[in-house]
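See below for the structure under consideration.
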Amino acid sequence: MEKKPLIVALVFSLVLLCFNTFAQVAKRQVKGKLVDEAHAPVDYASVAIVNASDSLLVKSTVSDKGGAFKIDDLKAGSYRLIISQLGLKNYVKSFEMGAAGLDMGIITMQKSVQNLKEVAVNAEKVPIKIKKDTVEFNAGSFKTQANDNVEALLKKLPGIDVDKDGKITAGGKDVKKVMVDGREFFGNDPKAVTKNLPADAIDKVQLIDDKTDKTKNTGIDDGQRDKVVNVTLKADKKKGWFGNATAAGGTNDRYLGQFNLNHFDDKKQLSFLFLSNNVNESGFSFEDLNNFTGGNIFDTFSSGNGSTSISVNSSGRANVNGVFSGVNEGLITNHSGGINYSDIYGKKEQLKFNVNFVSVISSNVLRKLADIQDAPNNLFTNQKNNGNNTNNSYRLNFSFDYKPDSLTNIKFKPSLSTTFTRNNSSLLSNTLNSTLDSVNNINQLLNGKKNSPAVGGLFSVNRKLHKGKGSVNFFVNGNYSQSNYDYTNIATTRYFTDNQGNSNLNQQASQDNNATFLNSTVSFVRQLSARKKINLTLSQSFDYRKQIADQFTLDYNGATGKYEIVDPLLSGNFNNRNWRYTTTAGLNKATDNTTINLNFAVADLGLRGDFTSNNQFSSVHRDAFALVPNASFSYRKKNGANLYINVGTDVTLPSATDLQPVFNNTNPLYIKQGNPDLLMSRSLNSSVNYSYFDAKSSSYINVYASFTPTWNGFSTQSAVDANGITTSKPINTSGNYNANFGFNYGRPTPVKGLKVNVGMNGSIGRFVNYINDTQNAVQRFGPGLSLGSNYDIDDVQLSIRGYGTYNNAENSFQHLADQHYFTYNNNFSASVKPLKNWRIFSDINQRLFRGTPSSANTSFYIWNAGIERTMLKKQNLTFSLNAFDMLNQNSGIQRSISTTGLIENDQTNTLGRYFYAKLIFKINKVGAGAAKANSGVVIIR
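Position 161 (the sequence shown) corresponds to 693 in the numbering used here; numbering is contiguous.
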């Protein structure tokens, strides 16, 4: 029964593919050939057929190298043929499609002589325009509903997919950011745009192959391109205000409130966002959270014990210390919001700033079953952890762009932030041996508070040389942060072996960390040959990091009732500085289709670490000189094919925490110790990526692979004693490697509005560690397969997706810890409008585990559903009734295998079943035409 959703997904996709084959039997075809006035073929012109009645797009393609085009599977009716090509006049022709096909013959495209400043008010709007690095969609050619947002519009565009969590892919590649009128909107968070702007405010959607930030900062084209979406607003939307307000309440005291308000004109952008709820609602990906916190995610969502755990599930949603997760871990109350402002002064200056805050209160009950490798037996640990955490983060970002002339660009982006954290947790843990006899148990209370202010900024100057002869570039990025953490750690540990009895711990500790980071690059690009397009590239980069860490630990004095006995083993000062100078000389060849980079680089690295504890002083010194050459090749064809190959070497310094020879006994059963003898590691990084987007069929394929072997990699040496206490320290090991591979393929079908996609990904890795002085090599293999179909037309939206992974881990030393299990994630969602102004929606998510140990095999379904109605004259009020987890099966289960072979099965408390009512009001005070504009309601799930 558990596998039925996956079987349904497979059968559904196969049926669709078969249906596509039969659907092509009876074809009504339009074809023709395009030439210019010199009778030369016009290739890769955009060819679209729209309905004569409403100008909605029906079919589209592009002409081939010979100028020929054809469009199949047209129904009888009245249409318009619209053909566009850069530099040529648009060709428009109305026609009737009967029972037979239609041959347009030879069509001559005339040269465009239109003045760029002329405004063609009555010009035909082209549904799809293909430029050099941009595909432009006319939003009005794609039908959207009155309550649709930008995300719903993107789902209807050829070659663009949006999953159930709002993650956007174009041509099989992730979209890095979504901009509004060419400017960032709340940083680079795509969902700030797609979730909060209505579809009826959009004039055009541009899909851009943009140069990477590295290329823009250094002036050296690395050949890579990021997928970026830019939406342009309608002229009447650039006057006044628009937005929405949401209020929801339900059983079990569940609530949600959301508000956003936007004001745009030709120069200004002003937006307000606010969200408050206790239903674990955020939908943030790791990129969203990192951008929203200005790259300060580790401090913002710190658990309070000085560590931060981050994982990303198969859908891309992030779990940061259980605060945000794709499976709703824990009970979380979230208050967040921000202000985004952007303005252009004159023609040279652009000023932007945004202020945001995140306040997260989480209550988490974690049950953990861990399999710990031990010679000769395994130890099994059963834990229950109750945690209550509060994180408050405030951040202010500025951005100033200035162009004093056509050759110079200056950017300055300072930022300020501060984070306050409180944590209270209790731990109950019981460890058993392989015969299920008790080894130890622990009862621990950990309470702490933390303050983490930070200041940082970015400054860059890019100056182009005259006549395109090259450029001079300067870039500097820096950050200074403090972290002050005070905590008490009270624990009682009982040992059942060696007659050790009980061990009591009652300590108060203070950890103060100051961190400085500075990165700067000066680069010079000089053209050597204009004809062969060869450039000389010279660059000098400097990286500097400094961390001062103080830990002061006091034991409790029962005689005085105070914390006043200094623990020398857990107290000390560590001052770590490391730097890296990298000098690079290379050759760059960049044409319209090809980019080649050959770089010879040398790195001068240094490290100084000073440690003082218990009146003892020790110092660590490291100096190294390393060759780190790299080469890359990219090839971009006009037909949409892209190939990128990269090979390079790198070296990595140990972290300050790993070098610090101080014990960390936050968990008395797992004690960490630093290792001042760690060496730098070296790696070889190689990757290849091939992508192809066929504009004729709107199909895409993306294939990728990478391989990274590491020498002197950072690993662990663990010792588990008879009492189940694990002592671990970092060491260097060789023989480690990691490889990733996969592909994605998607295409629309002859059935209007139906898309299918299939994907595969996997990883192979080998990680060497030591357990009780014995080498253990963990060999991991994890392939995954996904199948999906999306149907989106008029009043019906259906989506089905199945994703399965096989997880395999084999240990050379402890075979009892080998793992072989499957994980399945299946989803089906539906949205139907049976009547005007009414919508019914539902989604079912299934998660299933199968494999070893069999005791951890489980499956659960999460079934959500609702019904909504839009009201009022302008359709700007929506009322809905919603049900969450109607089967009450969400068990919050996660399974993981670490690189040391540690197997963990985690289960957290969840929201459980609840019902709620929701009201959404659309604010639309925009321009003179606002009264006639369609309303759009934004619903965030």
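Cβ coordinates follow ideal geometry from the N, Cα and C atoms, glycine included.
I1097 is classed as exposed because its beta carbon has fewer than 16 other beta carbons within 10 Å across all chains shown.
H998 sits in a helix when the DSSP states are folded into three classes.
Out of I1022, K563, N1120, N1131, the CA that lies nearest to the CA of T1085 is found in I1022.
For L1159, the enclosing beta strand (DSSP E) begins and ends at 1148–1159. E628 counts as exposed, since fewer than 16 other C-beta atoms from the protein chains shown sit within 10 angstroms of its C-beta. The beta carbon of W1395 lies closer than 6 Å to those of I1376, M1418, L1419 in the same chain, with the five residues before and after it left out.
Across the structure, G989 and K664 are spaced so that their CA atoms are roughly 34 Å apart. Secondary structure at K766: coil, using DSSP grouped into helix, strand and coil.
Within its own chain, the residues whose Cβ lies closer than 6 Å to the Cβ of K1261, once the five positions on either side in sequence are excluded, are Q1205, N1207, Q1249, listed in chain order.
The residues A608, in chain order, have a CB closer than 7 Å to that of G630 in the same chain once the five nearest residues on each side in sequence are set aside. Here A1062 is not bridged, per DSSP, to any residue.
Between R1109 and Y1076, the alpha-carbon positions lie close to 7 Å from each other.
In the structure shown, S673 adopts helical secondary structure according to DSSP, grouped into three states. The Cβ-Cβ distance between A777 and I1455 falls below 8 Å.
Here Y1277 is near I1233, since their CB atoms are less than 8 Å apart. In the DSSP assignment, P722 falls within the alpha helix (DSSP H) that extends over 722–726.
DSSP places N1420 outside both helix and strand once states are collapsed to three, so it counts as coil. Contact between the region 727–735 and the region 1295–1303 is absent, with fewer than three C-beta pairs closer than 8 Å. When DSSP states are grouped into helix, strand and coil, K661 belongs to the strand group. Bridge partners of G1334 according to DSSP: L1319, N1358. The Cβ-Cβ distance between R995 and T922 does not fall below 8 Å. When the beta-carbon positions are compared, G1141 and W1111 stay at least 8 Å from each other.
Take the alpha-carbon of Y1448 and the one of N1359: they are about 22 Å apart. For L686, the enclosing alpha helix (DSSP H) starts and ends at 682–687. Here DSSP, grouped into helix, strand and coil, assigns D1190 to helix.
Only exposed fits E569, as fewer than 16 other CB atoms lie within 10 angstroms of its CB. Counting along the chain, the unbroken beta strand (DSSP E) around I692 starts and ends at 692–694. V1252: member of the beta strand (DSSP E) spanning 1245–1252, first to last residue. Rounded to whole angstroms, the gap between the alpha carbons of A600 and A1062 is 35 Å.
Here Q1059 has K1001, G1002, N1067 as same chain residues with Cβ atoms under 6 Å from its own Cβ, once five neighbours each way along the sequence are excluded.
Non-local beta-carbon contacts of F1006 in its own chain, meaning distances under 6 Å to residues more than five positions away in sequence, involve V993, V1054 in chain order. Closest in C-alpha terms to Q1043, from the list T1259, E716, N794, K981, comes K981. Less than 8 Å separates the beta-carbon of I615 from that of V579. When the beta-carbon positions are compared, F669 and L689 come within less than 8 Å of each other.
Minimum Cα-Cα distance from D693 among the listed residues N1357, D1324, K770 corresponds to D1324.
When the alpha-carbon of G862 is set against those of N917, Y873, S808, the nearest one is in N917.
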